[in-house]
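Those letters in the sequence shown? Residues 1011 to 1374, by our numbering.
What follows is a set of notes on a single structure, which appears directly below.
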Amino acid sequence: MKSIVGLSLPRTTMLATFAAFTVNCHAADVEIKAPPGGKVVIRDSTGATTPLIVDGAGPVTVPGLPASTVVSAGVVCFDANGTLAKCAPFVGVQGPAGPAGPVGATGPAGATGAQGAAGATGAAGANGTAGAAGPGGATGPAGATGAVGATGAQGPTGPAGAAGATGAAGTIGPAGPTGSVGPAGSIGPVGATGPSGATGAAGAIGPAGPAGAIGPAGSTGAAGAQGPIGPIGPIGPAGAAGTSGAAGTAGATGATGATGQPGPAGAIGPAGPAGPAGQMGATGAAGPAATITLTTYSNTQFAANSGGIAVTATCGAGVVISGGCSATNGTSTLVNSFRSSANQWSCEYTYRGNSNMTTFAYCM
């Protein structure tokens, strides 16, 4: 059997009050049902902390989870307000640490340090012996081609050349035209027909005639134009090095030269190792002990169904560091408990019956 009863707060610091709740009398179970559109809110004894909120629509919120530093091996998923939610598939127990990443690139070189002071000028050293003569330099490139000279006078005619050999006989030319018919002779007696003779072979070509006499020498022809200058021939091999001459006597030490300009400053060396940690200083003197006092303020009794009301406690001295709320003689609901100023703590209620409400302020 279930029964519906009213919930009153006789001098309790429980901050969650509901319009009604249902108690299941079976075994040792306690069933709390939120009113329509409401929530089940669980607060601590001071009313300042809300460990648990259960919404009538289903969500469960643990407000202290987001700021909590307590850890365990289990996994709990919740949003920024502490509302519990189903974890994503990839959420689980933290795996082992991954391998170390690669070493980052070397940073840029530091700025060049200030130029150091010039060092003292050293004494001039003795003159060294003269070195051997170096090899001769390479031949320079050919100069530009000069202008063409004027045409010279024509030279005398050269002697006639020797007669050339007789050329080979040419091919037999075609047969000449048939000659005219001569006058008819008297008819002689008919002779007996003789046999036809064989055709004779062609005769051999006769020997060449003797060479003619050499003609007289002709006059010298005019001189031809001067030809271009030929290219420069390759450089000949270097001659063998001569023998070194005898070392001369050392000359007198020259005067000390002027001091040269200071060289550029060297690169900054690597940072030296860190020095040992200094000794811990002496412990400072203890400050004055803090004194905490309790200030309370209770309203006069409010009539039933008067609406919302705020009750504020003010510190007589110092600042408020915490506070709490309490209600008696009626059915009421705490709406808010908060620090309303530097030295005040306030509690806000709604109620349906005559109630006395008290606010506690802890001052320091």
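In this text, a Cβ means the ideal position worked out from N, Cα and C, and glycines have one as well.
Tell me where the beta strand (DSSP E) around residue i begins and ends.
{"i": "LYS1049", "result": "1049-1052"}
{"i": "THR1305", "result": "1303-1308"}
{"i": "SER1350", "result": "1342-1351"}
{"i": "ASP1065", "result": "1062-1065"}
Which value, in whole angstroms, describes the spacing of the CA atoms of residue i and residue j?
{"i": "THR1060", "j": "ASN1346", "result": "11 Å"}
{"i": "PHE1370", "j": "ILE1042", "result": "29 Å"}
{"i": "GLY1318", "j": "MET1374", "result": "30 Å"}
{"i": "ILE1197", "j": "GLY1186", "result": "29 Å"}
{"i": "THR1149", "j": "ALA1232", "result": "39 Å"}
{"i": "GLY1111", "j": "GLY1138", "result": "60 Å"}
{"i": "GLY1288", "j": "GLY1282", "result": "17 Å"}
{"i": "GLY1153", "j": "PRO1145", "result": "23 Å"}
{"i": "ALA1170", "j": "ALA1157", "result": "35 Å"}
{"i": "GLY1243", "j": "GLN1164", "result": "31 Å"}
{"i": "THR1230", "j": "PRO1241", "result": "31 Å"}
{"i": "THR1079", "j": "ALA1107", "result": "21 Å"}
{"i": "PRO1220", "j": "PRO1184", "result": "30 Å"}
{"i": "ALA1268", "j": "ALA1133", "result": "11 Å"}
{"i": "PRO1199", "j": "THR1188", "result": "27 Å"}
{"i": "VAL1191", "j": "GLY1210", "result": "27 Å"}
{"i": "ASN1034", "j": "ALA1077", "result": "Residue placement at ASN1034 is flagged as unreliable, the pLDDT there being 46, under the threshold of 50; a coordinate-derived value is accordingly withheld."}
Would you decide whether residue i is buried or exposed? Buried here means 16 or more other CB atoms lie within 10 Å of its CB.
{"i": "CYS1325", "result": "buried"}
{"i": "LEU1304", "result": "exposed"}
{"i": "SER1055", "result": "exposed"}
{"i": "GLY1057", "result": "buried"}
{"i": "VAL1101", "result": "exposed"}
{"i": "VAL1321", "result": "buried"}
{"i": "ILE1224", "result": "exposed"}
{"i": "GLY1066", "result": "exposed"}
{"i": "CYS1097", "result": "exposed"}
{"i": "MET1367", "result": "buried"}
{"i": "GLY1333", "result": "buried"}
{"i": "SER1350", "result": "buried"}
{"i": "ALA1337", "result": "buried"}
{"i": "GLN1354", "result": "buried"}
{"i": "THR1116", "result": "exposed"}
{"i": "VAL1015", "result": "Caution is warranted here: a pLDDT of 30 is assigned to VAL1015, below 50, making its placement in the model unreliable, and no coordinate value can be reported."}
{"i": "VAL1040", "result": "exposed"}
{"i": "SER1342", "result": "buried"}
Tell me, which residues are paired with residue i by DSSP?
{"i": "CYS1335", "result": "THR1369"}
{"i": "GLY1319", "result": "One detail in the question is off: residue 1319 reads as Ile in this sequence, not Gly. ILE1319 pairs with TYR1359."}
{"i": "GLN1164", "result": "ALA1232"}
{"i": "VAL1330", "result": "CYS1373"}
{"i": "GLN1125", "result": "DSSP output for GLN1125 lists no bridge partner at all."}
{"i": "GLN1354", "result": "THR1324 and SER1351"}
{"i": "VAL1113", "result": "DSSP output for VAL1113 lists no bridge partner at all."}
Based on Cα-Cα distance, which residue from the options lies nearest to residue i?
{"i": "ALA1352", "options": "GLU1358, ILE1331, ALA1337 and THR1338", "result": "ILE1331"}
{"i": "GLY1105", "options": "PRO1112, VAL1085 and GLY1120", "result": "VAL1085"}
{"i": "PRO1118", "options": "PRO1076, GLY1267, THR1167 and ILE1278", "result": "ILE1278"}
{"i": "ARG1053", "options": "CYS1335, THR1306, SER1078 and GLN1125", "result": "CYS1335"}
{"i": "THR1301", "options": "GLY1282, SER1342 and VAL1329", "result": "VAL1329"}
{"i": "PRO1142", "options": "ILE1245, THR1263, ALA1251 and ALA1296", "result": "At residue 1142 the sequence reads Ala, which differs from the Pro that was named. Of the candidates ILE1245, THR1263, ALA1251 and ALA1296, the one whose C-alpha sits nearest the C-alpha of ALA1142 is ALA1251."}
{"i": "GLY1092", "options": "VAL1064, ILE1242 and ILE1239", "result": "VAL1064"}
{"i": "ALA1212", "options": "ILE1182, ALA1154 and ALA1152", "result": "ILE1182"}
{"i": "TYR1372", "options": "ALA1275, GLY1074 and ALA1323", "result": "ALA1323"}
{"i": "THR1167", "options": "PHE1088, GLY1234, GLY1159 and GLY1047", "result": "GLY1234"}
{"i": "SER1356", "options": "ASN1364, SER1342, THR1306 and PRO1272", "result": "THR1306"}
{"i": "GLY1237", "options": "THR1155, THR1360 and SER1342", "result": "THR1155"}
{"i": "PRO1073", "options": "ILE1245, ALA1262 and LEU1094", "result": "LEU1094"}
{"i": "GLY1246", "options": "SER1308, GLY1180, SER1254 and GLY1147", "result": "GLY1147"}
{"i": "GLN1271", "options": "GLY1129, ASN1364 and ALA1179", "result": "GLY1129"}
{"i": "GLU1358", "options": "ASN1364, SER1365 and PHE1348", "result": "PHE1348"}
{"i": "GLY1261", "options": "GLY1047, PHE1088 and ALA1136", "result": "ALA1136"}
Hey, is residue i close to the ligand HEM, as in C-beta under 7 Å from one of its heavy atoms?
{"i": "CYS1373", "result": "As far as ligands go, the structure on display features none, and thus does not contain the ligand HEM."}
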